[in-house]
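Before any comments, here is the structure.
Protein chains: 2
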Amino acid sequence: MWDVAEELKAMLVFAEHRYYGESLPFGDSSFKSPRHLNFLTSEQALADFAELIRHLKQTIPGAENQPVIALGGSYGGMLAAWLRMKYPHTVVGALAASAPIWQFENLVPCGIFMEIVTTDFKESDPNCSESIRRSWDAINHLAATGSGLQWISEALHLCRPLTSSEDIQNLKDWISETWVNLAMVDYPYESNFLQPLPAWPIKIVCQHLRNPKVSDQQLVQNIFQALNIYYNYSGQAKCLNVSETATSSLGTQGWSYQSCTEMIMPFCTNGIDDMFEPHSWNLQELSNECFQQWGVRPRPSWITTLYGGKNISSHKNIIFSNGELDPWSGGGVTEDISDTLIAIKIPEGAHHLDLRANNPLDPQSVLLARSLEVKHMKQWIREFHASPKTAVLGYF
Amino acid sequence: MWDVAEELKAMLVFAEHRYYGESLPFGDSSFKSPRHLNFLTSEQALADFAELIRHLKQTIPGAENQPVIALGGSYGGMLAAWLRMKYPHTVVGALAASAPIWQFENLVPCGIFMEIVTTDFKESDPNCSESIRRSWDAINHLAATGSGLQWISEALHLCRPLTSSEDIQNLKDWISETWVNLAMVDYPYESNFLQPLPAWPIKIVCQHLRNPKVSDQQLVQNIFQALNIYYNYSGQAKCLNVSETATSSLGTQGWSYQSCTEMIMPFCTNGIDDMFEPHSWNLQELSNECFQQWGVRPRPSWITTLYGGKNISSHKNIIFSNGELDPWSGGGVTEDISDTLIAIKIPEGAHHLDLRANNPLDPQSVLLARSLEVKHMKQWIREFHASPKTAVLGYF
Chain G
3 MWDVAEELKA MLVFAEHRYY GESLPFGDSS FKSPRHLNFL TSEQALADFA
53 ELIRHLKQTI PGAENQPVIA LGGSYGGMLA AWLRMKYPHT VVGALAASAP
103 IWQFENLVPC GIFMEIVTTD FKESDPNCSE SIRRSWDAIN HLAATGSGLQ
153 WISEALHLCR PLTSSEDIQN LKDWISETWV NLAMVDYPYE SNFLQPLPAW
203 PIKIVCQHLR NPKVSDQQLV QNIFQALNIY YNYSGQAKCL NVSETATSSL
253 GTQGWSYQSC TEMIMPFCTN GIDDMFEPHS WNLQELSNEC FQQWGVRPRP
303 SWITTLYGGK NISSHKNIIF SNGELDPWSG GGVTEDISDT LIAIKIPEGA
353 HHLDLRANNP LDPQSVLLAR SLEVKHMKQW IREFHASPKT AVLGYF
Chain L
3 MWDVAEELKA MLVFAEHRYY GESLPFGDSS FKSPRHLNFL TSEQALADFA
53 ELIRHLKQTI PGAENQPVIA LGGSYGGMLA AWLRMKYPHT VVGALAASAP
103 IWQFENLVPC GIFMEIVTTD FKESDPNCSE SIRRSWDAIN HLAATGSGLQ
153 WISEALHLCR PLTSSEDIQN LKDWISETWV NLAMVDYPYE SNFLQPLPAW
203 PIKIVCQHLR NPKVSDQQLV QNIFQALNIY YNYSGQAKCL NVSETATSSL
253 GTQGWSYQSC TEMIMPFCTN GIDDMFEPHS WNLQELSNEC FQQWGVRPRP
303 SWITTLYGGK NISSHKNIIF SNGELDPWSG GGVTEDISDT LIAIKIPEGA
353 HHLDLRANNP LDPQSVLLAR SLEVKHMKQW IREFHASPKT AVLGYF
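Chains G and L, in that order, give the protein sequences.
Per this note's numbering, the first sequence starts with residue 3, numbered consecutively.
Per this note's numbering, the second sequence starts with residue 3, numbered consecutively.
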């Protein structure tokens, strides 16, 4: 956005989503009662954006008759696409980067996400994904031995030693999420989105996982070396903290609530097409957790009812861009739907790489994606200026 | 709908709007607290319809891959159009009959509604509208005399005699609303929408208002004869009740609340372009009344922000039909917006005449309108069946 704004003579506006950052409708108690949380929905967020755009047009000199384009990545990309779908009078088009608008209900196979994570590691080195696949049993075997929990805790340099089988499950979930995050941020240059990381971090991580056929102990020690790339690239960490996977705050409370109400994304693994322990999608389990944590239960069909699922061809002027390394591309729109609902694939791209600032190490594919995106945006702006304007008259 | 359903092999579904009829979310206390009324919005109603359509498709054998068309008149017509705008994946098109989607904010002049009412009476007989225009002062003059209130009460056969100047204002409002209602239901045959009425009731009413240049007393007596057509066509009424303008229940409580929150329609009169006493649009007055009655205040810009106001050209497959006798046509879409956003005008039509059952006395213009509507509906259905279907797969 920063790079393109000048070329398009655009004003940049970053709208903060309600219940994130400083936009807390009930201040410190916003997350303390289900009644305070009733206003946290994607629909309400879109309404905020529509009101904000109207307000800006009415109050900023010269803004009234200018076109607006929505841009966003990830959930923000879904919102950008949905804003164009629900308020087409408000934005002339939307760039939805890495927006998994189909990661709902049964629109895509629930295993696709973890399959893409696996592919990223496998394409770096088949021994790497195989090492990870074997690591779960290695942990399970060691955990079943007398001093196993203590040994693992030390081998992984955990800040708090493991003491129960529940801790082991949490450990494996945390390790899994680390591999997921690495797939999301497998950028071609040093970056700091979820954690400070080297260029192409999966390649670096996989240098420690070249041999799957070692002893359980050796495998866990190798896993530590790999994890240490992700959690300790800075070299400052004295130990690894199983309760954290990202350093920056992405509004985990808000997303946790939304994942319990609207944003119900089925995920599953089978251990064959992916490198994880098998886990089927369990809505009832989620529902119970959500009720316990937030006093609400999920509405797994609502997003597709509201936004149309795969039946969105009546809309216009949305670009869906996806990096093929990004596991979220599995729930994204990766084929053109029409002349004006465009899919852009970025083979060497991770999670919304195209939205990041230009970088000398950018692969050719993301440069091409960005230039296509700008081409479409310019087209939307031209169409806006070419269309007859509705006279805005004050009649009172 | 009944006449056309068989031809289109259609199932008819009448969806009841929440807070109307028997659809009361909090039963008898639905209207007793602003907290119970928070769920009464047009957006929530549209969401209900989207959920209902999904439910019907999932539960009625053979329904799943069939197209759905939304039809409605008046507010129901607005909802039909808005459903197509907000949930285009749910309905392939909409017939919005007499839907004043532009009777909001300053999209049309606030006086247009009463001007059309006036035109209806004037075109029947210029002396008729002139008699009505003069009647207000006649009432004011008489009311200012010693026994004036009693005299007017008797001349108009009121069930409850007038006792205050506030009563006089109520009386004039009630008479005005009667003329408005007559304009809405000026149908070419006997009907019973708001009241049992003869064919072309304005013509009959105006037979009693042929001479505006009579004494105040004679004018009021003539007004009584005219009112008596509307309120006593059956001949059963012993007196006229100032607190009632319609016999059938149209859900006045629900609409009263909605008129205080979202449905803010500015109306005004100037006594020159219309036959009423001058009255400017006063949002503050409305706001205070709303706060007193419902504990809420209006959001006069929200409907245009939400549904786009005049900027709706990105949508497709909506027919806006309007009778030119209907005062609501002033806030309606009466010119084509595009090839697929169609306006149909019915010169001899009152309020959604096209949605009424076929009648031997139907004028040619409404027959033409209905056949055009069916033609477009068939086209939407053809397009639906011609378009590639999204495979609905169960992945779990």
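By construction, the Cβ of each residue, glycine as well, lies at the ideal position given by its N, Cα and C atoms.
{"query": "Cα-Cα separation between threonine 307 of chain L and leucine 196 of chain L, rounded to whole angstroms", "result": "32 Å"}
{"query": "As assigned by DSSP and simplified to three states, the class of glycine 334 of chain G", "result": "coil"}
{"query": "Meets three-Cβ-pair contact criterion under 8 Å: the segment 79-94 of chain G and the segment 7-26 of chain L", "result": "no"}
{"query": "Which of helix, strand or coil DSSP assigns to phenylalanine 33 of chain L", "result": "coil"}
{"query": "Three-state secondary structure assigned by DSSP to threonine 306 of chain L", "result": "helix"}
{"query": "Chain L within 8 Å of glutamate 53 of chain G, Cβ atoms only", "result": "yes"}
{"query": "Distance CB(glutamate 375 of chain G)-CB(serine 323 of chain G) smaller than 8 Å", "result": "yes"}
{"query": "is_contact[histidine 91 of chain L, chain G] using C-beta, thresh 8 Å", "result": "yes"}
{"query": "Nearest to asparagine 313 of chain L (by Cα), restricted to the options G/Pro390, G/Ser217, G/Ser137", "result": "G/Pro390"}
{"query": "Whether leucine 164 of chain L touches serine 155 of chain L by CB criterion (8 Å)", "result": "yes"}
{"query": "As assigned by DSSP and simplified to three states, the class of threonine 254 of chain L", "result": "helix"}
{"query": "Range of the contiguous alpha helix (DSSP H) that encloses isoleucine 114 of chain L", "result": "114-126"}
{"query": "Limits of the unbroken beta strand (DSSP E) element including lysine 347 of chain L", "result": "343-348"}
{"query": "Cross-chain neighbours of lysine 88 of chain G in chain L, by beta carbon under 7 Å", "result": "Lys88"}
{"query": "Cut-off 7 Å between Cβ atoms - residues of its own chain near tyrosine 89 of chain L, not counting five sequence neighbours on either side", "result": "Leu48, Ala52"}
{"query": "Beta bridge counterpart(s) of threonine 271 of chain G as assigned by DSSP", "result": "G/His281"}
{"query": "Cβ-Cβ distance between isoleucine 348 of chain G and glycine 325 of chain G below 8 Å", "result": "yes"}
{"query": "Residue(s) in a DSSP beta bridge with isoleucine 141 of chain G", "result": "According to DSSP, which records beta bridges pairwise, isoleucine 141 of chain G is partnered with nothing at all."}
{"query": "Sufficient close CB pairs (3 or more, under 8 Å) joining the segment 131-139 of chain L to the segment 89-106 of chain L", "result": "no"}
{"query": "Nearest-angstrom Cα separation, counted from histidine 378 of chain L out to leucine 343 of chain L", "result": "11 Å"}
{"query": "Where arginine 56 of chain G meets chain L, residues with beta-carbon distance less than 9 Å", "result": "Ser303, Thr306, Thr307"}
{"query": "Under 9 Å (Cβ pairs) to chain L, residues found in the segment 182-215 of chain G", "result": "none"}
{"query": "Residue range of the unbroken beta strand (DSSP E) whose run includes alanine 96 of chain L", "result": "95-99"}
{"query": "Exposure label - aspartate 305 of chain L; buried when at least 16 CB within 10 Å", "result": "This sequence places isoleucine at residue 305 of chain L; aspartate is not what is there. The residue is buried, with at least 16 neighbouring Cβ atoms inside 10 Å."}
{"query": "Limits of the unbroken beta strand (DSSP E) element including leucine 85 of chain G", "result": "Element bounds for leucine 85 of chain G: not the beta strand (DSSP E) but the alpha helix (DSSP H), 77-88."}
{"query": "Min CB distance lysine 34 of chain G to chain L below 8 Å", "result": "no"}
{"query": "Inter-residue Cα distance where the pair is leucine 54 of chain G and histidine 353 of chain G", "result": "27 Å"}
{"query": "Glycine 332 of chain L vs isoleucine 118 of chain L beta-carbon contact at 8 Å", "result": "yes"}
{"query": "Span separating the alpha-carbon of histidine 57 of chain G from that of serine 367 of chain L", "result": "43 Å"}
{"query": "Beta carbon of leucine 221 of chain L nearer than 8 Å to that of serine 137 of chain L", "result": "yes"}
{"query": "Three CB pairs or more closer than 8 Å across the segment 32-48 of chain G and the segment 60-68 of chain G", "result": "no"}
{"query": "Phenylalanine 322 of chain L - partner residues in DSSP beta bridges", "result": "L/Ala98, L/Ala345"}
{"query": "Pairwise C-alpha distance: asparagine 272 of chain G and tyrosine 21 of chain L", "result": "48 Å"}
{"query": "Whole-angstrom distance between cysteine 270 of chain L and serine 303 of chain L, CA atom to CA atom", "result": "18 Å"}
{"query": "Beta carbon of proline 27 of chain G nearer than 8 Å to that of phenylalanine 16 of chain G", "result": "no"}
{"query": "Chain-order list of residues whose beta-carbon lies under 8 Å from that of aspartate 338 of chain L (same chain, five-residue window excluded)", "result": "Ile344, Ala345"}
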